[in-house]
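Below is one structure, written out as structure tokens, with a few remarks after it.
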Amino acid sequence: MLFRAPGHSWSRLTRWLPGVVLLCTLPLGQLAAQSAAPSGCSLLLSGRVQDHESRGALAGATVVVLETQQATQTEPDGHYHLDLCPGVYHVQVSFVGFTPETVEVRVVGAVLRDFQLHPDAIALKGAVIEGQHIDVPTPQATGNLSGQALQQTRGQALGEALQKISGVTAIQTGPSIFKPMIHGLHSNRVTILNNGVRQEGQQWGQEHGPEIDPFIASQLTVVKGAASVRYGSDAIGGVVLVQPKALRDSAGTGAELNLVGMSNNGLGAASGTLEGNVRQLSALSWRVQGTVKRAGTMRAPGYYLRNSGFEEYDFSAAVGWRKANYGLEVFYSQFNTKLGILPAAHAESPSDLYAAIARRRPLETSGFNYAINRAYQQISHDLLKATGFVRTGTAGKLTATLGQQTDYRDEYDLYSARNADRAARNRPALSYSNRTTTGELFWEHRPLGGFTGSVGVAGTYQFNRYADGTRGFIPFYNNTIAGAFAIERWTRNRWQLEAGIRADYRTLETRRGTRDTLGVYYVDRREFTYLTPAASLGAIFDATPHLTLSLTSSLTQRAPAANERFSDGVHNAQYELGYDLVPGNEALGPETAYHTGLTASWHDNPRLNGELTLYQTTIDGYIYQRPILPPVINIRGTLVSWQYQRTNAVLRGLDLGATYRLAPQWEVGGKASIVRGRDTQEDEWLFFMPADRAELSVRYAVPERPATRLTGRYVQLGSYAVARQTRVPADYTAKDYALPPAGYVLLGLEAGATVHWGRLPLNISLAGSNLLNQRYRDYLNRYRYFADEMGRNVTLRVQVPFELSRQH
Amino acid sequence: MNTPLFRPFLLALLASTTLLSACKDDNEDPTPDEDNEQITTLIYTLTPVGGGTPLTVQYRDLDGDGGTAPTIGTLTLAPNTTYTGTLELKDETKTPAENTTAEIQEKAEEHLFFYEPSGTNLTVTRTDKDKNNLEIGLTTRAVTGAANATGTTGTLKITLRHQPGSKNGTFTPGSTDVEVNFPTVVR
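As structure tokens, then:
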């Protein structure tokens with residue numbers, strides 16, 4: 001189970017999981033009633049139960065006729081049959097790890113009815129108790145996107161898609177750049193794991209989105225709140241896990257094609273996957289995947305946002321060799337993108353700057369086109385990962401992961417060089433490379449009594465450079481981290497307790513090229529070492545089969561990163577300054593976070609399911625970026641300016657998500673999240689906290705008819721509301737360039753179905769967002785000073801799975 | 809582990825570890841930003857037409873963006889006087905200092921300066937032209953009127969528009985390379 005991040009290859013998981021787990025989710029009475037057909041009627045209801053993701057048969061799934069309480073379990077090939085009298089029935093199908101489905105069936109003769117269940121991560125908690133390797137520390141609140149929910153985000157950037165999870169927002173820069181924010185924390189405080197390897201890039205700008213192709217993932221999981229013991233001291237705010245599907249383990253070849261088109265910016269995306277398992281060598285599996293994405297000028301209501309197009313080209317390949325006692329997998333991925341930067345931020349004097357901010361729309365707009373002009377960013381990221389596991393006899397399992405990644409970032413300013421030679425060379429103004437080597441050794445001991453657990457060591461070596469002759473913004477640095485951790489879990493009856501401890505030793509060596517007041521160049525060398533601890537305690541209590549309570553509490557210390565200390569200069573027409581460079585400041589020290597979270601989830605209920613999370617994070621020495629006024633002036637004009645500062649902070653909040661089944665075909669869903677951030681040193685609100693938001697949706701699943709070409713039809717109407725952020729520091733007009741923008745409500749409508757075209761199931765959906773073409777700005781978008789958000793957009797998505805080998 | 813096929817994978821793993829070894833430029837120092845085109849210094853020299861001591865006013869920011877704020881001089885002109893003006897622009901972060909004036913002169917058909925006095929009795933006109941017979945503004949004539957009211961100071965805003973391929977004599981095309989405001993007084 002090593003290569004797999006939690007949560008996929010369900011059909012396979014079930015083979016590993018003892019049937020005991022099934023008992024947790026099924027009322028025993030239903031099983032007892034199995035095959036007790038009322039006498040006299042023999043109309044046959046039959047069909048097959050499949051995993052919607054892998055199309056694999058689900059053996060042992062439970063099929064219950066709610067009216068008669070007749071029940072049965074599916075056979076090894078996924079088939080089931082029940083004898084019924086004529087009538088209308090509600091049939092419920094459930095299987096551990098999947099969302100149960102209830103449909104109405106009219107029985108007048110023999111009825112054939114197939115089911116495709118969607119994976120559901122909440123129910124999988126059973127798997128943890130069984131000692132499966134799952135990366136998510138379970139007492140933590142988690143949210144995830146997979147199956148249809150993930151499908152509904154295809155074509156979006158990673159950070160944009162994650163906003164579907166309650167409690168997750170994004171720091172945004174224009175239409176294409178989204179940096180995930182969890183419970184009000186972001187950037188250096190959110191760790192992103194790309195296929196098990198910590199994503200390392202140039203984190204230094206809020207306008208740097210994660211360099212990851214979301215099409216790689218079959219599941220996106222967010223751990224909300226500190227998870228530093230397992231993932232390293234930076235994970236104070238949380239963790240994003242980008243998890244590809246496990247390599248195919250059944251012989252044959254399969255493929256999947258995803259196509260996305262958007263009306264607003266003419267975005268077109270195509271992503272394909274081809275995977276196989278060699279029949280003669282069942283241990284050998286492989287996969288190749290690629291994505292092409294291109295978007296033109298985005299339209300805000302009433303005008304086009306000049307130079308907002310982008311393009312992206314990504315591919316990945318994986319090959320694995322897997323036996324019962326050992327396995328090895330090598331994965332390579334590459335991400336390339338070119339992003340246009342809106343010119344609206346360029347202002348030439350303080351009065352121009354304020355005029356630009358006051359304007360309803362940017363002075364420079366354009367028509368629609370796919371051209372990407374200056375200013376733009378060009379980014380590429382590649383990752384090579386090798387991971388292997390060995391079962392260490394009866395003692396446990398040893399897993400090693402090595403990753404090597406390189407991130408290149410070139411930023412071209414709006415202005416090209418005046419000097420002819422320089423213009424001909426056309427070099428970027430900023431040209432960075434960041435190379436990171438990571439390694440982890442992880443040993444899970446076999447269950448001893450009620451105890452399971454693991455110990456691990458992890459190391460990182462990173463160095464960051466910029467090209468000779470280009471502008472320095474972040475210094476050269478070498479960063480070394482060595483960490484060791486242990487997590488132990490005790491399970492008995494309905495209780496699970498978990499404790500973890502970690503220490504990280506980190507050195508940061510910086511070499512910064514700068515000039516003194518006379519303009520003389522020199523290199524400022526500094527070295528820092530830190531020893532940061534982390535500890536966590538957690539408990540999960542299954543109060544009833546339908547209610548789980550979990551509590552987590554942790555302490556984490558995080559060393560400051562190079563950008564927080566030494567950012568210096570102009571970057572995308574905005575000026576930034578690191579903490580250590582502010583005159584009068586001492587060297588920036590680590591910040592210490594105390595996090596407590598309480599989650600109640602009620603699940604596997606026929607009607608009402610949901611989750612409520614309450615949390616508090618106290619951060620001593622909280623490092624944050626705030627606008628500085630008056631703005632910095634250079635010879636070209638006036639720049640929106642930012643500076644890193646530190647204070648003490650408390651962030652409290654709640655996330656609520658619930659669904660209610662009004663009727664078999666109707667479901668209402670709601671989400672809400674609230675964050676309150678206080679600066680306890682100044683006794684005022686914190687800068688840039690997400691405003692209160694809520695989402696409401698109604699979904700209608702069209703009743704299935706037998707022998708039809710269309711299945712899984714649904715219509716979903718949703719609205720998303722964000723309030724104005726009123727909780728900002730006092731005297732805010734003197735502290736930011738503009739007050740937080742007004743709240744907004746967006747309306748969305750989506751419809752989809754599976755079209756059976758010959759033997760091919762085409763999953764098609766059409767989704768409209770911002771249907772009323774509302775003009776709005778968001779407080780967390782750095783371009784809110786200058787431009788509106790995207791107007792009305794209609795997205796068409798098509799997903800087609802192919803089975804290329806002969807089916808059995 | 810004896811499976812023959814396992815070995816190539818082991819080799820692949822070993823091969824990848826060579827990539828993982830530290831690179832040799834770990835201890836390099838950053839070098840100056842020679843490709844970063846800057847204008848650190850702008851000097852406007854005004855020579856009275858009837859003879860007399862030339863006046864100069866200067867904007868200078870040697871340490872680049874941010875850091876120490878630029879030094880900006882004040883222009884004090886005599887009333888009812890005509891001056892000939894010349895502009896000089898430099899990048900003093902380079903050694904030797906880069907003569908930006910010459911580069912602008914060379915590509916005069918891409919550059920246009922604007923002189924906008926306000927709150928003071930001053931008019932500035934451009935006296936040089938590019939090959940397309942459009943004005944440039946590296947040389948100027950400045951004419952002052954009556955003295956400023958006591959205790960008041962105006963400004964002279966000098967703007968350089970970079971307009972490759974689009975220069976038409978107006979402000980609009982292109983982008984701004986320089987914008988400097990000098991406190992200006994006629995006294």
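Each protein sequence line maps, in turn, to chains A and B. Residue numbers for the first sequence, in my numbering: 1 to 808. Residue numbers for the second sequence, in my numbering: 809 to 995. Just so you know, even glycine gets a beta-carbon here, dropped at the ideal spot from N, CA and C.
Spell out the partners DSSP gives residue i in its beta bridges.
i        : result
A/Arg626 : A/Gln643
A/Ser809 : For residue 809 of chain A there is no data in the structure shown, the boundaries of chain A being 1 and 808.
A/Phe485 : A/Gly456 and A/Arg502
A/Ala593 : A/Thr556 and A/Ile619
A/Phe389 : A/Gly327 and A/Thr399
A/Ala371 : Beta-bridge pairing links A/Ala371 to no other residue.
B/Asp841 : Note: B/Asp841 sits in no beta bridge, so no partner.
A/Met298 : A/Leu305
Listing by chain order, which chain B residues have their CB less than 8 Å from the CB of residue i?
i        : result
A/Phe476 : Glu836, Asp837 and Pro838
A/Tyr89  : Chain B residues near A/Tyr89: none, gap ~52 Å exceeds 8 Å.
A/Tyr466 : Pro838
So, is the C-beta of residue i closer than 8 Å to a C-beta in chain B?
i        : result
A/Gly637 : yes
A/Asn479 : no
A/Leu2   : Residue placement at A/Leu2 is poorly supported in this model, since its pLDDT is 35, which falls under 50; the coordinates still yield a value, given next. Not an interface residue.
A/Asn419 : yes
A/Arg429 : Reading off the sequence, residue 429 of chain A comes out as Ala, not Arg. Yes - at least one Cβ of chain B is within 8 Å of the one on A/Ala429.
A/Met790 : no
A/Leu518 : yes
A/Asp568 : yes
A/Tyr624 : no
A/Gly809 : As shown, chain A starts at 1 and ends at 808. That puts residue 809 of chain A outside it, with no answer to give.
A/Tyr720 : no
A/Val812 : In the structure as shown, chain A starts at 1 and stops at 808, and residue 812 of chain A therefore has no counterpart that could be examined.
Report yes or no: is there a C-beta of chain A within less than 8 Å of the C-beta of residue i?
i        : result
B/Pro812 : With a pLDDT of only 42 at B/Pro812, under the threshold of 50, the placement of this residue in the model should not be trusted; the figure read from the coordinates follows. No, no contact with chain A.
B/Leu870 : yes
B/Val988 : yes
B/Lys915 : yes
B/Glu924 : no
B/His978 : Sequence check: residue 978 of chain B is Thr here, not His. No, B/Thr978 lies away from the interface with chain A (no Cβ there is under 8 Å from its Cβ).
B/Thr901 : yes
What does residue i touch in chain A if you count any residue whose Cβ is under 7 Å from its own?
i        : result
B/Lys898 : Neighbours of B/Lys898 on chain A: none; closest Cβ ~11 Å, over 7 Å.
B/Asp841 : Gly469, Thr470, Arg471 and Gly472
Chain B partners of residue i, CB-CB under 7 Å?
i        : result
A/Tyr575 : Asp873 and Gly874
Check the Cβ of residue i against every Cβ in chain B and list those closer than 9 Å, keeping chain order.
i        : result
A/Asn634 : Gln846, Asp869, Gly872, Asp873, Gly874 and Pro878
A/Leu414 : Ser983
Where residue i and residue j are concerned, what is the direct C-alpha to C-alpha distance, given to the nearest angstrom?
i        : j        : result
A/Asn634 : A/Tyr785 : 20 Å
A/Gly669 : A/Ser769 : 17 Å
A/Ser271 : A/Pro801 : 12 Å
A/Gly621 : A/Ala484 : 24 Å
A/His186 : A/Gln625 : 11 Å
A/Thr711 : A/Arg48  : 14 Å
A/Gly396 : A/Val229 : 20 Å
A/Gln163 : A/Pro180 : 8 Å
A/Gly309 : A/Gly296 : 4 Å
A/Ala110 : A/Ala707 : 12 Å
A/Trp443 : A/Ala486 : 9 Å
A/Tyr332 : A/Asp213 : 13 Å
Who are the near neighbours of residue i in its chain, counting only those whose CB is closer than 7 Å to its CB and skipping five residues on each side?
i        : result
B/Pro856 : Thr889 and Tyr891
A/Thr191 : Arg198, Tyr231, Gly232, Asp234, Ala235 and Val239
A/Gln206 : Ile171, Thr173, Lys179, Ser187 and Arg782
Using a Cβ-Cβ cutoff of less than 8 Å, which residues in the same chain neighbour residue i once the five nearest sequence positions on both sides are dropped?
i        : result
A/Tyr466 : Leu430, Ser431, Tyr432, Ser433, Gly472, Phe473, Ile474 and Phe476
Skipping 5 residues on each side, what residues in its chain have a beta carbon closer than 6 Å to that of residue i?
i        : result
B/Thr933 : Arg949
A/Val108 : Pro86
A/Glu527 : Glu509
A/Ala458 : Glu440 and Gly483
A/Arg361 : Tyr303
A/Ala742 : Arg724
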